[in-house]
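Take a look at the structure below.
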Amino acid sequence: MGHCPRIADCAFLKEEIYRNMPRLLQRFQNTYCQNRFTDCACYKIASVLGDQFVPSLMLPSQIEWAQQILKDNTPALTTP
Ligand code: SF4
Numbered sequence: 015m016g017h018c019p020r021i022a023d024c025a026f027l028k029e030e031i032y033r034n035m036p037r038l039l040q041r042f043q044n045t046y047c048q049n050r051f052t053d054c055a056c057y058k059i060a061s062v063l064g065d066q067f068v069p070s071l072m073l074p075s076q077i078e079w080a081q082q083i084l085k086d087n088t089p090a091l092t093t094p
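Take the working numbering: the final residue in the sequence shown is number 94, and no numbers are missing along the way.
In structure tokens:
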């Protein structure tokens, strides 16, 4: 899998707290941004709901949190 298409805009990569933890940032970049980006919690939310729904301190590995946000913000399908 290629690079994440959201690298230029990603709030996680720009977050100052994480920029001060370069080893942690590099580990996540290697695993998600440069490889399995569709497994990234931030990507899942941003691609479905938009950037504004991604919590500022969310880590790419926080899948359960992402699933909860997606569930809470996806309107239930209604039948006419
Ligand atoms: S994989 Fe996740 S953390 Fe990496 S650039 Fe994409 S959205 Fe951001």
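Ideal Cβ placement from N, Cα and C applies to all residues, glycine included. Please read these numbers as outputs of a predicted model, since none were measured by experiment.
Contact check, Y46 vs R20, beta carbons under 8 angstroms: Translated into the one-based positions of the sequence shown, residue 46 becomes position 32. Translated into the one-based positions of the sequence shown, residue 20 becomes position 6. No; because the gap between Cβ atoms is not below 8 angstroms, this pair is not in contact.
Collapsed DSSP secondary structure at V12 in the structure displayed: What is shown of the chain runs 15 to 94, which leaves residue 12 out entirely.
Same chain, Cβ closer than 6 angstroms to T93, neighbours up to 5 away in sequence not counted: Along the sequence shown, one-based indexing puts residue 93 at 79. Reliability of the predicted coordinates at T93 is poor, the pLDDT of 48 falling under 50, and the value obtained from them is presented with this limitation in mind. Nothing meets the Cβ criterion.
Cβ-heavy atom distance, I21 to the ligand SF4, below 7 angstroms: Translated into the one-based positions of the sequence shown, residue 21 becomes position 7. Yes, the ligand SF4 has a heavy atom inside 7 angstroms of this Cβ.
For S75, the three-state DSSP class (helix, strand or coil): As a first step, residue 75 is located in the sequence shown; it is residue number 61 there, counting from the start. In the structure shown, S75 sits in coil (DSSP, three-state: anything other than H, G, I, E or B).
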